[in-house]
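J.: Got a structure here, written out as structure tokens. Questions coming.
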Amino acid sequence: PDILDINYGCPVPKVTKKGGGSAALQDLCLMDDITSAVVESVPEIPVTVKMRAGWNQKSIIIPEVGKRLEKIGVQAIALHPRTTKQRYTGKAEWKYIRQLKDSCSIPIIGNGDVCTTDDMIQMFEETGCDAVMVGRAAHGNPWFFRDAKAKLNGEPNPLPPSLLDIANMCSRHFDLLLENRGERTGTNMMRKHFSNYIKGFPGAAGFRQKLVTAPDLTAMRNALQEFKAAAKKTELEPAF
């Protein structure tokens, strides 16, 4: 692998209750031990960390944790500046990204509440981070990264994807999931992605319902072909 990324950021209870993800934020000595063991075991591979600002508001570990991780040998840190207990509620406190950046010499990657390319630029300006990580904003909108590249290069905003662009991307995404995860898992995973892709245009609810309730691979492929055929025939305004 190009890097090995340790996930100290996942706030999902089914993960944290077993000691995984951001549960490590409650015990920095344990985090040190885990991180050191990983760094020492793969000296030829850069080790990075993704984390949250703390377990709860009373146990914020920024910025001191950055110095600890850098000393151990971590090559970069991605910070989502909410606590574990917040999960995705409230506001991402970008000030913690700035504090972490000011305390470390390694690259800091900002994450959290970047919903538009303007948000991306604002995060760079407010925090001084070296890179921005995007998650939920790209669900059903992989064109976000194309638009972000244009924004960073000072180029005009690309045209929003057409309905046919969306249909073709759904098809490609589905094929890749089937190839990498197999029929059963790939089909089940694609249901939530269809919900993210297919919205914001007349008739979206009907197509979305057919796709997410399709009982098997054949039915899902047939529903997707129906959606693509409609996209080819219908001239609609861009969906985004």
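Under this note's numbering, read the sequence shown as residues 367 to 606, first letter to last. All residues carry an ideal CB built from backbone N, CA and C; glycine is no exception.
Just the Cα atoms here: how many angstroms apart are residue 521 and residue 491?
T.: Within the sequence shown, residue 521 is the residue found at index 155, counting from 1. Within the sequence shown, residue 491 is the residue found at index 125, counting from 1. Roughly 18 Å between the two C-alpha positions.
J.: Quick check: what's the CA-CA separation for residue 493 versus residue 487?
T.: Taking the first residue of the sequence shown as 1, we reach residue 493 at position 127. Taking the first residue of the sequence shown as 1, we reach residue 487 at position 121. Approximately 10 Å between the Cα atoms of the pair.
J.: Select from 572, 586, 593 and 395 the residue whose C-alpha is nearest the C-alpha of residue 531.
T.: To locate residue 531, count along the sequence shown from 1; it is residue 165. Cα-wise, what sits closest to residue 531 is 593.
J.: Roughly how many angstroms separate the alpha carbons of residue 479 and residue 423, rounded to a whole number?
T.: Stepping through the sequence shown from its first residue, residue 479 is reached at position 113. Stepping through the sequence shown from its first residue, residue 423 is reached at position 57. Cα-Cα distance, rounded: 18 Å.
J.: So which of 514, 444 and 477 has the shortest CA-CA distance to residue 454?
T.: As a first step, residue 454 must be located in the sequence shown, where it is residue number 88. Looking at the Cα atoms, 477 is the closest of the given residues.
J.: Quick one: residues in its chain with C-beta nearer than 6 Å to the C-beta of residue 377, no 5 flanking neighbours on either side, listed in chain order?
T.: Counting from one through the sequence shown, the residue named residue 377 turns up at place 11. In its chain, beyond the 5 residues on either side, 388, 450 and 453 have a beta carbon closer than 6 Å to the beta carbon of residue 377.
J.: Counting Cβ pairs, one atom from each stretch, are 3 or more of them under 8 Å apart for the stretch 524 to 539 and the stretch 578 to 598?
T.: yes
J.: Taking residue 386 as the reference, which of 497, 373 and 395 has the closest Cα?
T.: In the sequence shown, residue 386 corresponds to position 20, counting from 1. It is 373 whose Cα lies nearest to the Cα of residue 386.
J.: For a test of the three-state rule: what should DSSP assign to residue 474, helix, strand or coil?
T.: Your numbering for residue 474 matches position 108 in the sequence shown. Three-state result, residue 474: strand.
J.: Helix, strand or coil for residue 420? Go by DSSP, reduced to three states.
T.: Within the sequence shown, numbered from 1, the residue matching residue 420 stands at position 54. Residue state, collapsed to three classes: strand.
J.: Considering only residues of the same chain and omitting the five flanking positions on each side of residue 576, which have a CB-CB separation below 6 Å?
T.: Counting from 1 along the sequence shown, the entry for residue 576 is found at position 210. Taken in chain order, the residues that qualify are 589.
J.: Assess, as a yes-or-no matter, whether the stretch 455 to 468 is touched by the stretch 416 to 435 under the definition of 3 or more beta carbon pairs within less than 8 Å.
T.: yes
J.: For a quick check, are the C-beta atoms of residue 404 and residue 370 less than 8 Å apart?
T.: Against the sequence shown, residue 404 aligns to sequence position 38. Against the sequence shown, residue 370 aligns to sequence position 4. The answer is yes: Cβ separation under 8 Å.
J.: Among 414, 499 and 471, which has the Cα closest to the Cα of residue 447?
T.: Stepping through the sequence shown from its first residue, residue 447 is reached at position 81. Closest by alpha carbon: 499.
J.: Are residue 420 and residue 391 close, meaning C-beta to C-beta below 8 Å?
T.: In the sequence shown, the residue the question calls residue 420 occupies position 54. In the sequence shown, the residue the question calls residue 391 occupies position 25. The answer is yes: Cβ separation under 8 Å.
J.: Which residues in the same chain have their Cβ closer than 6 Å to the Cβ of residue 474, if we skip the five residues on either side of it in sequence?
T.: Along the sequence shown, read from residue 1 onward, the residue named residue 474 stands at position 108. The residues are 443, 466, 467, 495 and 496.
J.: Do residue 408 and residue 440 have their CB atoms nearer than 8 Å?
T.: As a first step, residue 408 is located in the sequence shown; it is residue number 42 there, counting from the start. As a first step, residue 440 is located in the sequence shown; it is residue number 74 there, counting from the start. Their beta carbons are not under 8 Å apart, which means residue 408 does not touch residue 440 by this criterion.
J.: Name the two residues that bound the continuous beta strand (DSSP E) containing residue 446.
T.: Translated into positions along the sequence shown, residue 446 becomes position 80. Unbroken beta strand (DSSP E) run through residue 446: 442 to 449.
J.: According to DSSP, is residue 454 helix, strand or coil?
T.: Locating residue 454 in the sequence shown gives position 88, where the first residue counts as 1. In this structure, residue 454 counts as coil in the three-state DSSP scheme.
J.: I'd like to check one pair, residue 536 with residue 511: are the Cβ atoms closer than 8 Å?
T.: Numbered from 1 along the sequence shown, position 145 holds the residue referred to as residue 511. Numbered from 1 along the sequence shown, position 170 holds the residue referred to as residue 536. Cβ distance not < 8 Å, so residue 511 and residue 536 don't count as in contact.
J.: Would residue 505 and residue 554 qualify as a contact pair, given that the criterion is a beta-carbon distance under 8 Å?
T.: As a position in the sequence shown, residue 505 is number 139, starting the count at 1. As a position in the sequence shown, residue 554 is number 188, starting the count at 1. Contact flag unset, no.
J.: Residues in its own chain within less than 6 Å of residue 458 by CB, not counting five upstream and five downstream?
T.: In the sequence shown, counting from the first residue as 1, residue 458 sits at position 92. For residue 458, where only same-chain residues beyond five positions count, the Cβ hits under 6 Å are 447, 448, 478 and 479.
J.: Determine whether the beta carbon atoms of residue 513 and residue 527 lie at a separation below 8 Å.
T.: Translated into the one-based positions of the sequence shown, residue 513 becomes position 147. Translated into the one-based positions of the sequence shown, residue 527 becomes position 161. For residue 513 and residue 527, no; Cβs fall outside 8 Å.
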